[in-house]
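Visitor: Got a structure here, written out as structure tokens. Questions coming.
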Amino acid sequence: MKLHTPFALLLAAGFITLVSSCEKDCRLGVAGAFADRYRPIIDQTFGDLCEMVTQNLFSKISVPTEFSSAVPIDFLQSELIDSACAEILKLNTKFNNALVWLMQRSIFTEEPKFKGDCNHPKRLPYAMPPKGQNWTLEHCAAMDYICGNPPSVCHFLKEIKDRLVTNIRSRLQTNADLQSGSYFRNLVNVLTTRIKSTLSATGHGALIDDTTTKIVEDGVLQNLLRIMQDWIEHSVNEFCTSDDLDSQCNSWDDEIKPLILMWP
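Numbering-wise, the sequence shown is residues 9 to 272 according to this note's numbering.
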């Protein structure tokens, strides 16, 4: 990390003896390392939703004969599933795009935040590692109180992971809430719009306001509601707590520690 401020120059010159805190590039780097670990698990969580839509969106819908004799149901089903999964991918991408920000806020802003003096009591031999060197696992073990340097983040890795998982899960729950969240509302809009556009594209625009179309649309949306309820219960609420995710969520501690300690 390059240091340009007068304070940083004094620090580098040894005139100030405080142990260096994790500054902007450091915070982004540490947050990015955590985001890289959780992003595949988030992708899997949204992938679960697409799979559930694929399997169940048209489950047990009693399609009126008048509708099925006029509209190619297989084509409509394919169009709706493709549109829903495309929207789910957008939601997934949007969530991931904000992930580094969420990681950074969780670690360095949320209390107890990893900021502040790391020199009282003194645990480390220098303010930052000598040029060309990184913090070590010994420094990680020694920095046994919460403050603003990478060894402290490393030392409290378990606590940080618990905090990050809680915040990811909470944000997913907020977005997926069936009353106030955006996910269900967005998917409803996508599906109702696609039903109308598919009817128009296949020459059946006259059926858009027909009662038979309303029956099919209501069936699709009721299935979507049940899908979302199941997804929230079994994927969102169990984010990084279910047995099948244990390896993905908890197998990389030794890998991420050097990525934390590489920042001065």
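Quick reminder that beta carbons are idealized off the backbone N, C-alpha and C, glycines included.
DSSP state of leucine 199, grouped into three classes?
Guide: Three-state result, leucine 199: helix.
Visitor: Please classify histidine 163: does DSSP put it in a helix, a strand, or coil?
Guide: helix
Visitor: How about the segment 118 to 128 and the segment 220 to 233: do they share at least three Cβ pairs that are nearer than 8 Å?
Guide: no
Visitor: Provide the residue span of the alpha helix (DSSP H) that contains lysine 98, from first to last.
Guide: 81 to 105
Visitor: Please report how far the alpha carbon of tyrosine 191 lies from the alpha carbon of threonine 62, in whole angstroms.
Guide: 17 Å
Visitor: Enumerate in chain order the residues of its own chain whose CB-to-CB distance from isoleucine 264 is below 8 Å, with the five nearest sequence positions on each side excluded.
Guide: Ala41, Phe42, Arg45, Leu165
Visitor: Please say whether phenylalanine 247 and leucine 273 have beta carbons closer to each other than 8 Å?
Guide: Limits of the chain in this structure are 9 at one end and 272 at the other, which puts residue 273 out of reach.
Visitor: So the candidates are Ala209, Ala214, Pro266; which of them puts its Cα closest to the Cα of leucine 84?
Guide: Ala209
Visitor: Could you tell me the boundaries of the alpha helix (DSSP H) in which glycine 40 lies?
Guide: 32 to 64
Visitor: From what residue to what residue does the alpha helix (DSSP H) around histidine 147 run?
Guide: It spans 145 to 150 - the alpha helix (DSSP H) in which histidine 147 sits, taken as one unbroken run.
Visitor: Expressed to the nearest angstrom, what Euclidean distance is found between the alpha-carbon atoms of threonine 220 and glutamate 167?
Guide: Answer to the nearest angstrom: the Cα atoms are 55 Å apart.
Visitor: By a C-beta neighbour count over all protein chains shown, 10 Å radius and 16 as the cutoff for buried, is glycine 156 buried or exposed?
Guide: buried
Visitor: Do the CB positions of isoleucine 89 and valine 38 come within less than 8 Å of each other?
Guide: no
Visitor: Locate the alpha helix (DSSP H) running through lysine 222, then write down its first and last residues.
Guide: Unbroken alpha helix (DSSP H) run through lysine 222: 219 to 239.
Visitor: Taking the continuous alpha helix (DSSP H) assigned at alanine 264, which residues delimit it?
Guide: The displayed chain sequence assigns isoleucine, not alanine, to residue 264. If you look at isoleucine 264, you'll find it in the alpha helix (DSSP H) that goes 261 to 269.
Visitor: Along the chain, where does the alpha helix (DSSP H) that runs through glutamine 187 open and close?
Guide: Careful: glutamine 187 lies outside any alpha helix (DSSP H) and carries neither H nor E.
Visitor: Take arginine 47 as the anchor and find which of Arg35, Phe66, Val108, Val198 has the nearest alpha-carbon.
Guide: Val108
Visitor: Exposed or buried, what is leucine 57 when buried is set at 16 or more other beta-carbons lying within 10 Å of its beta-carbon?
Guide: Buried, because 16 or more other Cβ atoms sit within 10 Å of the Cβ of leucine 57.
Visitor: Using the Cα positions of leucine 36 and arginine 193, report the straight-line distance between them to the nearest angstrom.
Guide: 32 Å
Visitor: In this structure, how does DSSP classify tyrosine 257 when only helix, strand and coil are distinguished?
Guide: With the sequence shown as reference, residue 257 is identified as cysteine, and tyrosine is not the correct amino acid for it. Helix, per DSSP.
Visitor: Out of Gln52, Cys148, Phe54, point me to the one whose CA is closest to methionine 270's CA.
Guide: Cys148
Visitor: Can you grab the Cα-Cα spacing for the pair histidine 212 / valine 71, in whole Å?
Guide: 16 Å
Visitor: Starting from the C-beta of threonine 25, find all residues in its chain whose C-beta is less than 8 Å away, skip the five residues before and the five after it, and write them out in chain order.
Guide: Model confidence at threonine 25 stands at a pLDDT of 39, short of 50, so the residue's coordinates are unreliable; what they give is reported in the following sentence. Excluding positions up to five away in sequence, the list reads Asn127, Ala135.
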